[in-house]
Amino acid sequence: MGIRKGGRVVIAGDGQVSMGQTVMKGTARKVRRLSPGGHDIVAGFAGSTADAFALLERLEAKLEATPGQLMRACVELAKDWRTDKYLQKLEAMLIVTDGTGLFVVTGAGDVLEPEHDVAAIGSGGNYALAAARALIDTDLDAETVARRAMSIAADICVYTNGNLTVETIG
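If you count the sequence shown from 1, you need to add 3 to reach the numbering used here.
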């Protein structure tokens, strides 16, 4: 999930990797810090791990081609993802931020910026989204909102655990 609040953006991801109904790993890092061309970018993913890494590599290439233009890089990635026969088969979603913009990028060609400064993806995404939307207007900072929302999602969704990776930017 991603939360923008108080001039900061936090991306938080759980650590669970599931295959069907089996937990394969509980300590995966689904949130990564990228630095293409010296620009600080944080990305989180949901879905197939190998597919997500392929998309992150493509995103880094787009960011190197368009330094400092996160939205443009995300749009270019989404266009390729939608039209390239190889990329169309990838099953993952991304949340990306440069500390200012916050975007969800999908294989359907979507580059979405959330209306309420909260974005979530993955199996537990809707639970985390609802919890964060309830907490966003409180006095809590972005990281605390993210941690509490992810904790709530982990309590509800069997495909989400409480082993978090949290990166802050901005």
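All C-beta atoms in this analysis are idealised placements derived from N, C-alpha and C, irrespective of residue type, glycine included.
DSSP bridge partner residues for V78 (one or two, in chain order)
Paired residues: none, contrary to the question.
Got a sec? Which residues, its chain only, sit under 6 Å from A131 by beta carbon, not counting five neighbours each side?
M4, A123, A152, M153 and A156
Buried or exposed by the 16-neighbour rule on C-beta atoms within 10 Å, applied to M96
buried
Three Cβ pairs or more, each shorter than 8 Å: is that satisfied between the segment 106 to 118 and the segment 142 to 150?
no
Should K92 be labelled buried (16 or more other beta-carbon atoms within 10 Å of its own) or exposed?
exposed
Residue range of the beta strand (DSSP E) that K65 falls in?
Not the beta strand (DSSP E): K65 falls in the alpha helix (DSSP H), residues T52 to A68.
In the segment 6 to 48, which residue ranges form an unbroken beta strand (DSSP E) of at least 3 residues, counting only runs that do not cross its ends?
11 to 16, 20 to 22, 25 to 28 and 34 to 37
Please determine, among D101, T25 and R7, the residue with the shortest C-alpha to C-alpha distance to T163.
T25
What separation, rounded to the nearest whole angstrom, lies between the Cα atoms of E60 and M27?
24 Å
Check this for me: beta carbons of I14 and G47, under 7 Å apart or not?
yes
Under the DSSP definition of a beta bridge, which residues are partnered with A95?
G50
My assumption, with CB atoms under 8 Å, is that G173 sits in contact with V12. Please give the rounded CB distance.
5 Å
Assuming A76 and L62 form a contact by the criterion Cβ under 8 Å, report the distance between their Cβ atoms to the nearest whole angstrom.
6 Å
Skipping 5 residues on each side, what residues in its chain have a beta carbon closer than 8 Å to that of D120?
I6, R7, K8, L105 and I139
Tell me the rounded alpha-carbon separation between T109 and D142.
32 Å
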